[in-house]
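Trainee:
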Amino acid sequence: MSEGPVIRVQDVHKAFGPQKVLQGLCFEVARGESLVIMGPSGSGKSVILKHLIGLLRPDSGSIEVAGREVPRLRPAGLAELRRDMGYLFQHAALINWLSVYDNVALPLRETTSKSESEIESKVYSVLELVRLLDARSKFPGEISGGMQKRVGLARALVTDPEIILYDEPEAGLDPEMSASVSRMMVKLRHELGMTSVTVTHSWPCAEAVGDRVAFFEHGKLVIDAAPAEVLASDNPRVQEFFAVPK
Ligand SMILES: Nc1ncnc2c1ncn2[C@@H]1O[C@H](COP(=O)(O)OP(=O)(O)O)[C@@H](O)[C@H]1O
Ligand SMILES: [Mg+2]
2 MSEGPVIRVQ DVHKAFGPQK VLQGLCFEVA RGESLVIMGP SGSGKSVILK
52 HLIGLLRPDS GSIEVAGREV PRLRPAGLAE LRRDMGYLFQ HAALINWLSV
102 YDNVALPLRE TTSKSESEIE SKVYSVLELV RLLDARSKFP GEISGGMQKR
152 VGLARALVTD PEIILYDEPE AGLDPEMSAS VSRMMVKLRH ELGMTSVTVT
202 HSWPCAEAVG DRVAFFEHGK LVIDAAPAEV LASDNPRVQE FFAVPK
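Count along the sequence shown starting at 1, add 1, and that's the number in my numbering.
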């Protein structure tokens, strides 16, 4: 693998009809690094993550992930990308008619040719990690929102991705569970050396998991720096935004 950044986003523009959501977005993430993106609701943070994993295509600009130009990938390339990159959706996005076990097994069934027993041992190990092994036979409608979120996390991790995207991992969780998810994110990073991009509204989460925190507004990053530097920024807009969640 090349020594350059694992993720490189250059001058990306994206509009939905007249609405310009990304307007010259640029950032890079090095291997093993954790970037946190914060910004107002509805500004386009989930849209950024969806571009990284190829669910949305930019109107212009370049998105390189682990040496691949994502917008140019064909279905086979996209499947490979999604094996290397886990994605925790903002809303857990579980399949209601599949059990917890089968929801977590799905990415392995879709992107690998592992045997059922290999799948089982991997699914058990990630369910144990998020403390949900006992809930494996339940259906999404039978478990709490916080548990659904952890199933989403287990599903994002089951392929041993090198990169993980977290979209508001703390949303819908009580403070205790939210702190435990943050600790899990830090642990994954330190133990497995994962590279990550996290969108969050929680400063405690940002500070716990981020090497860098970026403030995203009006289609681009306004600041992208170490957490302490962001808090010390003299940009009035950054001061205003970060004064509240601190
Ligand atoms: N597939 C889509 N088609 C049209 N508009 C979209 C689509 N995805 C997102 N948007 C719009 O882009 C804007 C940013 O959305 P989003 O990235 O979800 O915001 P947030 O920063 O809260 O995650 C919103 O106005 C949303 O309605
Ligand atoms: Mg969002």
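The beta carbon of each residue, even a glycine, is placed where N, CA and C say it ideally should be. Given the structure is predicted, the values throughout are model-derived calculations rather than measurements.
1) Could you spell out where the alpha helix (DSSP H) holding residue 14 opens and where it closes?
2) Could you give the DSSP three-state label for residue 227: helix, strand or coil?
3) Out of 6, 57, 42, which has the shortest C-alpha to C-alpha gap to residue 36?
4) Just list the alpha helix (DSSP H) runs in the region 47–127, keeping only unbroken ones of 4 residues or longer that don't cross its boundaries, in chain order.
5) Closer than 8 Å by C-beta to residue 100: which residues in its own chain qualify, once you throw out the five before and the five after it? Chain order, please.
6) Per DSSP, what are the beta-bridge partners of residue 207 in this structure?
7) Just reading off the alpha helix (DSSP H) that residue 184 is part of, what are its end residues?
8) Specify, as a first and last residue, the run of the beta strand (DSSP E) that residue 37 falls within.
9) Which residues does DSSP pair with residue 150 in a beta bridge?
10) Can you grab the Cα-Cα spacing for the pair residue 123 / residue 193, in whole Å?
11) In the DSSP assignment, find the beta strand (DSSP E) that holds residue 218 and state where it starts and stops.
12) Measuring CB to CB, does residue 183 end up less than 7 Å from residue 210?
13) Thinking residue 166 and residue 54 are a contact (beta carbons under 8 Å), I'd like their distance in whole angstroms, please.
14) If you reduce the DSSP assignment to three classes, tell me which class residue 142 lands in.
15) Going by other Cβ atoms of all chains shown within 10 Å of its Cβ, with 16 needed for buried, is residue 242 buried or exposed?
16) Please classify residue 239: does DSSP put it in a helix, a strand, or coil?
17) Between the C-alpha atoms of residue 236 and residue 42, what's the straight-line distance to the nearest angstrom?
18) Quick one: grab the DSSP three-state call for residue 129.
19) Can you list, in chain order, the residues of its chain with a C-beta nearer than 6 Å to that of residue 2? Leave out the 5 residues immediately preceding and following it.
Mentor: Inspection of the coordinates gives the following:
1) That residue, residue 14, is in no alpha helix (DSSP H); its beta strand (DSSP E) goes 8–17.
2) coil
3) 6
4) 76–85, 101–112
5) 137, 138, 139, 140
6) In DSSP, residue 207 forms no bridge with anything.
7) 176–193
8) 35–39
9) Its beta-bridge partners do not exist; DSSP assigns none.
10) 15 Å
11) Start and end: 213–218.
12) yes
13) 6 Å
14) helix
15) buried
16) Shown here, residue 239 sits in a helix according to DSSP, grouped into three states.
17) 20 Å
18) helix
19) Because residue 2 sits at a pLDDT of 49, beneath the cut-off of 50, its placement in the model cannot be relied upon, and the point is left open.
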